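Enquirer: Counting from 1, position 56 in the sequence shown corresponds to residue 56 in full-length UniProt numbering; the numbering is continuous, with no gaps.
Think of the CB as a built atom: it goes at the ideal place given N, C-alpha and C, for glycine as much as any other residue.
This one's a predicted model, so the numbers in the text were calculated from it and none came from an experiment.
One structure, as structure tokens, below. Some questions next.
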Amino acid sequence: MFEAGDIREWRGHDVVDADGHKIGTLESVYVDTATDQPFFATVMVGLPTRRRLVFVPLSDATVGPGYLKVPQPRSQVKHAPAIDTDGELPAEDEAAVFAHYGLDYAPGTGGERRLARR
Numbered sequence: 001m002f003e004a005g006d007i008r009e010w011r012g013h014d015v016v017d018a019d020g021h022k023i024g025t026l027e028s029v030y031v032d033t034a035t036d037q038p039f040f041a042t043v044m045v046g047l048p049t050r051r052r053l054v055f056v057p058l059s060d061a062t063v064g065p066g067y068l069k070v071p072q073p074r075s076q077v078k079h080a081p082a083i084d085t086d087g088e089l090p091a092e093d094e095a096a097v098f099a100h101y102g103l104d105y106a107p108g109t110g111g112e113r114r115l116a117r118r
């Protein structure tokens, strides 16, 4: 898994799928609040007048020269839950991000958020 400090250095680099097709550019990293480890990234996609940030899991992601490769297909990532380019992920929308990728979701033991932007 990536260390949060290391993956931040990849901000602005291309994010590609397993076949090497460009999905978008890495915008930010969300960590799992239970472990403080990178868990999701937001990827900027869309036309210049309709840009949005979609979420993609970082498990099994790899880096190459100038890109971050994720195992999910481009079509799945582009249809993932999204926020505006200057938006925040509301706590009540976290479960939908996990569900889109078939990942288990449970808030913290005290009901706190599972994801935090870093």
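#1: So the alpha helix (DSSP H) residue 70 belongs to, where does it begin and stop?
#2: Would you mind stating whether residue 118 and residue 33 have Cβ atoms separated by less than 8 Å?
#3: How is the beta strand (DSSP E) around residue 41 delimited, first residue to last?
#4: Per DSSP, what kind of secondary structure is residue 27 in: helix, strand or coil?
#5: Are the CB atoms of residue 17 and residue 63 nearer to each other than 8 Å?
#6: Can you tell me where the beta strand (DSSP E) with residue 116 in it begins and where it stops?
Expert: By the coordinates alone:
#1: Looking at the DSSP string, residue 70 is not in any alpha helix (DSSP H), and its letter there is neither H nor E.
#2: no
#3: 37-45
#4: strand
#5: no
#6: 115-117
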